[in-house]
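Here the sequence shown stands for residues 71 to 408, numbered as in our numbering.
Yeah, the Cβ is synthetic: ideal placement off N, Cα and C, and Gly gets one too.
Quantities reported herein were computed from a predicted structural model and do not represent experimental measurements.
What follows is a set of notes on a single structure, which appears directly below.
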Amino acid sequence: MEVQLIESIQPIRYFTLAVCIYHLFDTGLFNVFVEDGPSSVHQLANRLALDEEKLQGFLKYLKNEHVLIEENDEFQLSPKGIELGDFRGWYIMMIGGYAETFLQIGSKLKENSGWATRDSMKVGVGSCGISHYDAIPLTQSLMSHIPGECNRLLDLGCGNGLYLVEFCKHYPDIQAWGVEPSEGGYAEAVKLVEAHGLQNRIQLTCSPAIEFFQSDFDYKPDFIVLGFVLHEILGQDGEEGVIRFLTQITDRFPDINIIVIEVDNQIDDLEIMNHGLAKSYYNPYYLLHYFTRQRLETEKYWDKLFASLNLTVQAKERVNHHVDSTDLTIGYLLQRGK
Ligand SMILES: C[S@@+](CC[C@H](N)C(=O)[O-])C[C@H]1O[C@@H](n2cnc3c(N)ncnc32)[C@H](O)[C@@H]1O
């Protein structure tokens, strides 16, 4: 019995661990450990205005999971804990953004039960944190295929604006405009742009992409980025909505370069779904889309849709295999055919 019991409830262990790692980041404790090194519970509680007794339990729990080390009444990050820092974005998006969604699955499986909620701000911030490693380098690589100068970026669904900041830092001549419908995500973008002193190069608008395009904005971009946004619009406005939206873009800017990043929906491919990253990320990622008014589609679907709109694929690339060898995240560089 006991061996089976331990095996069968491992998911409870990992559920709790994922949530606690998220809180380690979200409370600011992780950053304090990085900045201050070993600290007593009293110091940590004082610094972050936390309840000392509860914090004691939280830190001891993480010590038992080898995320923290306790020595001489002080806690610090273990080597495994330090490593987690690179993967903060995955915790912000999947736990901060979607833990509430996963808990609603039972009630939302019922007929006519509508959509589950999510924390859109955390989704945008977490997604950009992940994109730093996959979609932002992919976007940069696609940009290198654009002939001529490419200095006016429009990022639709920009989350916390990380693409805008990273591009402005990397390319000194770039001007950028970010559009984000989530008020929380937009506020985070304003903060990030100010923190980097880039207000003179980056403009921000809080709006859904379609409404923004219907407005009378005074900006002529030479490339538009849609990072994991078309499947949001597909869920919200259907295929008709996506077609209208893409047509609106190319009618207004016939020479525009459009960079689209999407995830190929391969939930039925057992071989791909057996990949380590598919098990730890893409399987839960696919799942949440069924419950949150988003429609993930296959690569074939997007190929066909773009072709039907006379959008020529100038380049199509995958994420660097050192980061993700599933080939499930795809980047397109599109331009309207002449
Ligand atoms: C998965 S996140 C992607 C964030 C960022 N573009 C990236 O590549 O990491 C999807 C973003 O699209 C935004 N979004 C949702 N519906 C949208 C719409 N109709 N128009 C523009 N953005 C939208 C969300 O608020 C969220 O910030």
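Extent of the continuous beta strand (DSSP E) to which tyrosine 92 belongs = As a position in the sequence shown, residue 92 is number 22, starting the count at 1. That residue, tyrosine 92, is in no beta strand (DSSP E); its alpha helix (DSSP H) goes 80-96.
Please classify valine 355: is it buried, with 16 or more other beta-carbons within 10 angstroms of its beta-carbon, or exposed?
-> Here residue 355 refers to the residue found at position 285 when the sequence shown is read from its first residue. Note that residue 355 is tyrosine in the sequence shown here, rather than valine. Counting Cβ neighbours within 10 Å, tyrosine 355 comes out buried, since at least 16 surround it.
Where do the ends of the alpha helix (DSSP H) carrying glutamate 153 lie?
-> The count along the sequence shown starts at 1 and reaches residue 153 at position 83. Here the alpha helix (DSSP H) through glutamate 153 covers 149-154.
Pairwise C-alpha distance: proline 324 and aspartate 288 = Translated into positions along the sequence shown, residue 288 becomes position 218. Translated into positions along the sequence shown, residue 324 becomes position 254. Roughly 16 Å between the two C-alpha positions.
Comparing alpha-carbon positions, which option in Ile342, Cys198, Phe361 lies nearest serine 177?
-> If you number the sequence shown from 1, residue 177 lands on position 107. Nearest option by C-alpha distance: Phe361.
What is the DSSP secondary structure of glutamate 141, counted as helix, strand or coil?
-> The sequence position of residue 141 within the sequence shown is 71, counting from 1. Judged by DSSP in its simplified three-state form, glutamate 141 adopts strand.
Between which two residues does the alpha helix (DSSP H) harbouring isoleucine 331 extend?
-> The sequence position of residue 331 within the sequence shown is 261, counting from 1. Taken as a continuous stretch (DSSP letters only), isoleucine 331 belongs to no alpha helix (DSSP H), being part of the beta strand (DSSP E) at 327-333.
Sorry if obvious, but does the Cβ on glutamate 302 come closer than 7 Å to a heavy atom of ligand 1?
-> The residue given as residue 302 occupies position 232 in the sequence shown. At least one heavy atom of ligand 1 is nearer than 7 Å to the Cβ of glutamate 302, so yes.
What do you get for aspartate 394, buried or exposed, if any count of 16 or more other CB atoms within 10 angstroms of its CB means buried?
-> Looking up residue 394 in the sequence shown gives position 324. Aspartate 394 comes out buried.
For glycine 346, I'd like the list of residues in its chain whose CB is within less than 8 Å of its CB, leaving aside the five on either flank, ordered along the chain.
-> In the sequence shown, the residue the question calls residue 346 occupies position 276. Excluding positions up to five away in sequence, the list is empty.
Grouping DSSP H, G and I as helix and E and B as strand, with all else coil, what is arginine 314?
-> By 1-based counting over the sequence shown, the position of residue 314 is 244. In this structure, arginine 314 counts as helix in the three-state DSSP scheme.
Near leucine 262, which residues of its chain fall below 8 Å by C-beta distance, leaving aside the five closest residues on each side in sequence?
-> By one-based count along the sequence shown, residue 262 stands at place 192. These residues qualify, in order along the chain: Asn230, Gly231, Leu232, Val235.
Hey, would you say the C-beta of isoleucine 319 is under 7 Å away from at least one heavy atom of ligand 1?
-> Counting from 1 along the sequence shown, the entry for residue 319 is found at position 249. Checking the Cβ of isoleucine 319 against ligand 1 gives no.
Going along the chain, which residues of its own chain have a beta-carbon closer than 7 Å to the beta-carbon of tyrosine 256, five neighbours each way excluded?
-> Position 186 of the sequence shown, counted from the first residue, corresponds to residue 256. Taken in chain order, the residues that qualify are Glu250, Leu274, Cys276.
For tryptophan 160, which three-state DSSP category applies?
-> In the sequence shown, the residue the question calls residue 160 occupies position 90. Helix.
Threonine 399 - containing beta strand (DSSP E), residue span | Indexing the sequence shown from 1 puts residue 399 at position 329. Per DSSP, threonine 399 belongs to the beta strand (DSSP E) from 399-406.
Are there 16 or more other CB atoms within 10 angstroms of the CB of methionine 164, so buried, or fewer, so exposed?
-> Numbered from its first residue, the sequence shown carries residue 164 at position 94. Label assigned to methionine 164: buried.
N-terminal and C-terminal residue of the alpha helix (DSSP H) that glutamine 113 is part of | For the purposes of this step, residue 113 is taken as residue 43 along the sequence shown, with counting starting at 1. Here the alpha helix (DSSP H) through glutamine 113 covers 111-118.
Take arginine 365 and list the residues in its own chain whose beta-carbon comes closer than 8 Å to its own, dropping the five residues that flank it on each side.
-> Here residue 365 corresponds to residue number 295 of the sequence shown, with the count starting at 1. Shown here for arginine 365: same chain residues with a beta carbon closer than 8 Å to its own, the five before and five after excluded, namely His301, Leu304, Gly305, His359 in chain order.
Could you round the C-beta distance between glycine 401 and leucine 212 to whole angstroms and report it? I think they count as a contact, below 8 Å.
-> Within the sequence shown, numbered from 1, the residue matching residue 401 stands at position 331. Within the sequence shown, numbered from 1, the residue matching residue 212 stands at position 142. Going by Cβ atoms, the distance from glycine 401 to leucine 212 rounds to 5 Å, so yes, they are a contact pair.
If we count Cβ pairs, one from each stretch, closer than 8 Å, do we get three or more for the stretch 149-167 versus the stretch 188-197?
-> They touch, by the three-pair rule.
How should glutamate 367 be labelled, buried or exposed, when 16 other C-beta atoms within 10 angstroms of its C-beta is the threshold for buried?
-> Mapped onto the sequence shown, residue 367 falls at position 297. It counts as buried.
Unbroken beta strand (DSSP E) runs of length 3 or more, entirely within the stretch 226-302: which are they?
-> 245-249, 272-275, 293-297
Beta-carbon contacts of threonine 320 that lie in its chain and below 6 Å, excluding the five residues immediately before and after | Within the sequence shown, the letter at position 250 stands for residue 320. Closer than 6 Å at the Cβ level, and outside the excluded window around threonine 320, lie Arg406.
Backbone secondary structure at leucine 340 - three-state DSSP = In the sequence shown, the residue the question calls residue 340 occupies position 270. Note: leucine 340 maps to helix in three-state DSSP.
Coil, strand or helix - threonine 382 by DSSP = Here residue 382 corresponds to residue number 312 of the sequence shown, with the count starting at 1. In the structure shown, threonine 382 sits in a strand (DSSP, three-state: E or B).
Quick one, are the C-beta atoms of alanine 115 and aspartate 106 less than 8 Å apart?
-> By 1-based counting over the sequence shown, the position of residue 115 is 45. By 1-based counting over the sequence shown, the position of residue 106 is 36. For alanine 115 and aspartate 106, no; Cβs fall outside 8 Å.
Can you have a look at tyrosine 161 and say buried or exposed, based on whether 16 or more other CB atoms are within 10 angstroms of its CB?
-> Here residue 161 refers to the residue found at position 91 of the sequence shown. It counts as buried.
Are the Cβ atoms of cysteine 228 and glycine 248 separated by less than 8 Å?
-> What you label residue 228 is simply residue 158 of the sequence shown in a count that begins at 1. What you label residue 248 is simply residue 178 of the sequence shown in a count that begins at 1. Against a cut-off of 8 Å, the Cβ pair of glycine 248 and cysteine 228 comes out as a contact.
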